[in-house]
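Position 121 of the sequence shown, counting from 1, maps to 120 under numbering that gives the first Met the number 0, and the rest follow consecutively.
Glycine included, each C-beta is placed from N, C-alpha and C at the ideal position.
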Amino acid sequence: MIRSLQKTAVYVFLTAAAALVLYPLFFTYASTFMTAGEAGQFPPPLLPESLYLGNLKKVMELVPIGAFLTNSFTVSLLIMAGQLFTASLAAYAFAFVRFPGKKFVFLLFLSTMMIPWEVTMIPNYLTIRSWGWTDTYAALVVPFLATGFGTFMLRQFFMQLPGELFEAAKIDGCGHIRCFFSIAFPLSKPGLATLGVYSFLSAWNSYLWPLLVTNDPAKRTVQIGISMLQFEEFTSWNLVLAGVALVLLPSLLLLVLGLKQLVRGLTVGAVKG
0 MIRSLQKTAV
10 YVFLTAAAAL
20 VLYPLFFTYA
30 STFMTAGEAG
40 QFPPPLLPES
50 LYLGNLKKVM
60 ELVPIGAFLT
70 NSFTVSLLIM
80 AGQLFTASLA
90 AYAFAFVRFP
100 GKKFVFLLFL
110 STMMIPWEVT
120 MIPNYLTIRS
130 WGWTDTYAAL
140 VVPFLATGFG
150 TFMLRQFFMQ
160 LPGELFEAAK
170 IDGCGHIRCF
180 FSIAFPLSKP
190 GLATLGVYSF
200 LSAWNSYLWP
210 LLVTNDPAKR
220 TVQIGISMLQ
230 FEEFTSWNLV
240 LAGVALVLLP
250 SLLLLVLGLK
260 QLVRGLTVGA
270 VKG
């Protein structure tokens, strides 16, 4: 009886905590379909009286949301592909290739994780400007193609792969390139999926760097585009929340589709057997 009550109390607590976490998301999407009068009420209604689509139409008229979404998708996908490529190759080298100073170089990789982004932002900006890359996709993508965190995570993942597989492959005459593409890469899908989801969401939610290196609205990302819905004279919060709902939708879809792989990648090695 006591154990049953404890279990019930835990579920009640977890349900209440989940409701608190999900309420802002629910309110955002509910406000998207509210009229200006409904959104201006205090306290605001929990649900809209009808599915009012005028907010979405107005957002698309005020800002080129389609172009912003396209830019964000392009930049995020390029950064995700670049990080998966560079991090997987570097992680394989640190895990299986013998070369002088490997531990020292790996420590240098790890040290980059302790440097705040704000420290490198100005040097990166000056470099991008000197190369004439402002208002280009290269400025948005190239500084993020390599990641110390991704290299470290995939290296730890590679270290857990059975060494017998690589020894047998070497006996059969396989080199490092074939071992990477035939053994390490296929067996590391959970780790690669985790890094892919993480890098995509990080790039999608980036705000300060795109604001620095882009001045042309045609090259701006969706995070900056949403801020254009706030005006000095008056801010219609139902329009802002409608824009936020559009921005959140790709992230939520990616999280739902990649949640299984993400959890597997984060928990791999946590349980033996």
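Classify Ala-244 as helix, strand or coil using the three-state DSSP reduction.
It is helical.
Pick helix, strand or coil for Cys-173, following the three-state DSSP scheme.
The answer is coil: DSSP assigns Cys-173 none of H, G, I, E or B.
Inspect the CB distances between the stretch 202–210 and the stretch 59–79 and report whether three or more fall short of 8 Å.
Between the stretch 202–210 and the stretch 59–79 there are three or more inter-stretch CB-CB distances shorter than 8 Å, so the stretches are counted as touching.
Is the CB-CB distance between Pro-47 and Phe-32 below 7 Å?
In contact: Pro-47 and Phe-32 (Cβ atoms closer than 7 Å).
Taking contact to mean 3 or more Cβ pairs, one atom from each stretch, closer than 8 Å, check whether the stretch 159–178 and the stretch 102–113 are in contact.
At 8 Å Cβ cutoff, the stretches do not touch.
For Leu-68, I'd like the list of residues in its chain whose CB is within less than 6 Å of its CB, leaving aside the five on either flank, ordered along the chain.
Counting only Cβ-Cβ distances below 6 Å, and skipping sequence neighbours, we find Val-221.
Segment contact, 8 Å Cβ cut-off, at least three pairs: the stretch 147–155 with the stretch 84–93:
Remark: three or more beta-carbon pairs, one from each stretch, lie closer than 8 Å, so the stretch 147–155 and the stretch 84–93 are flagged as touching.
Identify the continuous alpha helix (DSSP H) that holds Ser-235 and give its terminal residues.
No alpha helix (DSSP H) contains Ser-235, which DSSP labels as neither H nor E.
At a threshold of 6 Å, does Ala-18 count as lining the ligand PLP (C-beta to nearest heavy atom)?
As far as ligands go, the structure on display features none, and thus does not contain the ligand PLP.
Straight-line CA distance for Gly-190 to Ala-145?
The alpha-carbon atoms of Gly-190 and Ala-145 are separated by roughly 16 Å.
CA-CA distance, Asp-171 and Cys-178?
So the two alpha carbons sit approximately 11 Å from each other.
Assess, as a yes-or-no matter, whether the stretch 52–68 is touched by the stretch 234–251 under the definition of 3 or more beta carbon pairs within less than 8 Å.
Taking one beta carbon from each stretch, the stretch 234–251 and the stretch 52–68 have 3 or more pairs nearer than 8 Å; the two touch.
Under 7 Å between C-beta atoms of Leu-160 and Leu-186
Yes. Within cutoff.
Work out the CA separation of Gly-39 and Trp-236 for me, nearest whole Å.
Cα-Cα distance, rounded: 8 Å.
Of the residues Val-58, Tyr-136, Met-120 and Thr-126, which one's Cα is nearest the Cα of Phe-72?
Ranking Val-58, Tyr-136, Met-120 and Thr-126 by Cα distance to Phe-72 puts Tyr-136 first.
In whole angstroms, what is the alpha-carbon distance linking Val-255 and Ala-29?
If I take the Cα positions, the gap works out to 20 Å.
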